[in-house]
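*Asks:*
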Amino acid sequence: MKKTLALSAQLFLSLTAFGQYKNSSGIRIGHTSALTYKRFITDTQAMEFMASGRNQGFQLTTLYQFHKPMDIGFNDDFHFYYGVGAHVGYERLQDRLLNGPFTPPTLEFQDRERSFFTMGVNTIIGIEYRWLKIPMTIGLDIKPYLDFVGMRRTNLRFWDTAISFKYIF
Numbered sequence: 022m023k024k025t026l027a028l029s030a031q032l033f034l035s036l037t038a039f040g041q042y043k044n045s046s047g048i049r050i051g052h053t054s055a056l057t058y059k060r061f062i063t064d065t066q067a068m069e070f071m072a073s074g075r076n077q078g079f080q081l082t083t084l085y086q087f088h089k090p091m092d093i094g095f096n097d098d099f100h101f102y103y104g105v106g107a108h109v110g111y112e113r114l115q116d117r118l119l120n121g122p123f124t125p126p127t128l129e130f131q132d133r134e135r136s137f138f139t140m141g142v143n144t145i146i147g148i149e150y151r152w153l154k155i156p157m158t159i160g161l162d163i164k165p166y167l168d169f170v171g172m173r174r175t176n177l178r179f180w181d182t183a184i185s186f187k188y189i190f
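In my numbering, the protein residues as written are 22 to 190.
#1: By alpha-carbon positions, which one of 88, 95, 83 ends up nearest to residue 56?
#2: Of the choices 181, 154, 49, 53, whose alpha-carbon is the least far from that of residue 110?
#3: Among the candidates 152, 65, 42, 77, whose CA atom is the shortest distance from the CA of residue 103?
#4: Going by alpha carbons, who is nearest to residue 165 out of 151, 107, 134?
#5: Give the secondary structure of residue 77 by DSSP, where H, G and I count as helix, E and B as strand, and everything else as coil.
#6: Nearest to residue 133 by CA position, among 89, 159, 115, 145, is which residue?
#7: May I have a chain-ordered list of the alpha helix (DSSP H) segments no shorter than 4 residues that lie completely inside the stretch 130-164?
#8: Considering only the alpha carbon of each residue, which of 86, 48, 80, 73 lies closest to residue 60?
#9: Report the CB separation of residue 146 from residue 186 in whole angstroms; it is logged as a contact under 8 Å.
#10: Using the Cβ count rule (16 or more neighbours within 10 Å means buried), how would you classify residue 174?
#11: Taking the continuous beta strand (DSSP E) assigned at residue 51, which residues delimit it?
#12: Since I believe residue 78 is in contact with residue 113 (beta carbons under 8 Å), could you give me their beta-carbon distance rounded to a whole number of angstroms?
#13: Exposed or buried, what is residue 189 when buried is set at 16 or more other beta-carbons lying within 10 Å of its beta-carbon?
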């Protein structure tokens with residue numbers, strides 16, 4: 022029991038002394054809310070995985086990120102990060118079809134809801150505060166994406182902003 026307690030204390034002190042962590046998991050709250058997991062590959066590079074719901078569908082996103090400490094003078098726990106990645110999933114959207122094979126000149130439309138396969142590319146840029154004494158991080162990011170929905174139309178969203186809360190382990 023004493024060895025486990027001593028090992029836990031040493032691990033906690035090493036995390037706070039170096040200001041770095043290896044894994045975190047939490048929630049991203051925004052336009053594309055998600056459950057998220059981040060794993061550092063090196064001290065400055067990480068992979069982040071997100072499982073999210075958007076447009077009554079489900080998406081999996083992978084991002085490769087670069088982290089840089091911010092020198093703001095009063096605190097060393099702020100980090101700037103940026104990265105790129107991709108996503109796959111499906112969405113439920115309204116599909117507007119012409120009504121019948123011989124549509125009259127009034128062009129009557131019929132709306133129906135359909136599921137579409139989606140894939141696309143993502144970028145991310147953000148600021149993260151590493152509160153290692155708790156241990157958790159709080160982040161604010163913007164994650165623009167380009168969707169290829171149903172392989173017949175595209176959707177670009179630039180202002181996919183969110184706040185995230187992650188537990189460090």
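We treat Cβ as the ideally placed atom computed from N, Cα and C, and that holds for glycine. Note that this is a predicted model, so its numbers are computed, not measured.
*Replies:* Looking at the atomic coordinates:
#1: 83
#2: 53
#3: 65
#4: With distances taken between Cα atoms, residue 165 lies closest to 107.
#5: coil
#6: 115
#7: none
#8: 86
#9: That belief does not hold up - the Cβ atoms of residue 146 and residue 186 are roughly 19 Å apart, past 8 Å.
#10: With fewer than 16 other Cβ atoms within 10 Å, it is exposed.
#11: Residue 51 -> beta strand (DSSP E) spans 44-51.
#12: 6 Å
#13: buried
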